[in-house]
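Oh and the sequence shown: position 19 is 15 in our numbering, straight run, nothing missing.
Just so it is clear, CB atoms sit at the ideal spot from N, CA and C, and this is done for glycine as well.
Quick notes on the structure that follows.
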Amino acid sequence: MINLRTSLDYIARKELNEIKENEIIPERDLLDRIELLKQALPSEVLGSFERFIK
């Protein structure tokens, strides 16, 4: 569960341009994390999450 929270935090900070140089995750790894999040999130929030990451 911690990894999911960390990934959500990273995505949010990336959208806000608050990622530090030493925290950048390669795009392929980020896409993998997003796919894992989509599988793990409850269906009630999945639609909101998908709109957020577009």
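Confirm, please, whether the CB-CB distance from Lys34 to Leu42 is below 8 Å. For the 8 Å CB-CB criterion, Leu42 and Lys34 form a contact.
Take the Cβ of Ser44 as the centre, count every other Cβ of all protein chains shown within 10 Å, and call the residue buried at 16 or more, exposed below. Classification of Ser44: exposed, given that the 10 Å Cβ count is below 16.
Contact set for Leu0: own chain, Cβ-Cβ below 7 Å, skip 5 residues either direction: Leu33, Ala36
Would you kindly check if the distance between the Cβ of Tyr6 and the Cβ of Ile30 is under 8 Å? no
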